[in-house]
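Numbering (the working numbering), first residue to last: -9 to 123.
We put the CB at the ideal spot given by N, CA and C, even for glycine.
Bear in mind that the values here come from a model prediction, so they are computed numbers and not experimental data.
Okay, so here's the structure we're looking at.
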């Protein structure tokens, strides 16, 4: 099995609490890497559409600082929500239901997909705004 595939395999057997948390925290590096890459791409694509005249936005210092503030808030919020992955796994690990086990194995992937969709959404809104206006 390739190392990249090992990132997504969840051991659903009974493990000590610290091993569950370590599993998630090790993958936080991967999660944050993709968060930064998609955020950077999103900002660059938005700036391309601004420069083409789809949106006439004249950056002022307050606006630039506001954008940076929102980026930091989003990054902190995404990491706060990421923590719920291991919290949910710890809370449901004593349940023997097939549904819980099936979705515990996919929780990391689902969270990553939702986060990347949210961070990419402004690009879609900018494109739609450019064509509708």
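Do residue j and residue i come within 8 angstroms of each other at the CB atom, strictly closer than that value?
| i | j | result |
| --- | --- | --- |
| residue 80 | residue 12 | no |
| residue 30 | residue 76 | no |
Which value, in whole angstroms, describes the spacing of the CA atoms of residue i and residue j?
| i | j | result |
| --- | --- | --- |
| residue 9 | residue 69 | 19 angstroms |
| residue 96 | residue 60 | 29 angstroms |
| residue 125 | residue 62 | Here the chain has residues from -9 to 123 only, and residue 125 is not among them. |
| residue 85 | residue 74 | 17 angstroms |
| residue 32 | residue 112 | 7 angstroms |
| residue 57 | residue 99 | 28 angstroms |
| residue 4 | residue 78 | 15 angstroms |
| residue 44 | residue 103 | Any reading at residue 44 must be qualified, since the residue scores a pLDDT of 48, below 50, and its modelled position is unreliable; no value is offered. |
| residue 22 | residue 16 | 11 angstroms |
Return the chain-ordered list of same chain residues with a C-beta closer than 7 angstroms to the C-beta of residue i, the five sequence neighbours on each side being excluded.
| i | result |
| --- | --- |
| residue 25 | 65, 68, 105 and 109 |
| residue 28 | 106, 109 and 110 |
In its own chain, which residues sit with a C-beta less than 8 angstroms from the C-beta of residue i, not counting the 5 before and 5 after it?
| i | result |
| --- | --- |
| residue 71 | 101 and 105 |
| residue 18 | 69 and 72 |
Please list, in chain order, all residues of the same chain as residue i whose beta carbon is under 6 angstroms from its beta carbon, the five residues on each side excluded.
| i | result |
| --- | --- |
| residue 118 | none |
Any heavy atom of the ligand GDP within a distance shorter than 7 angstroms of the CB on residue i?
| i | result |
| --- | --- |
| residue 99 | With respect to the ligand GDP, the structure offers nothing, as it holds no ligand at all. |
Complete alpha helix (DSSP H) runs within the segment 3 to 28 (minimum length 4 residues, chain order)
DSSP runs (the alpha helix (DSSP H)) wholly in the segment 3 to 28: none.
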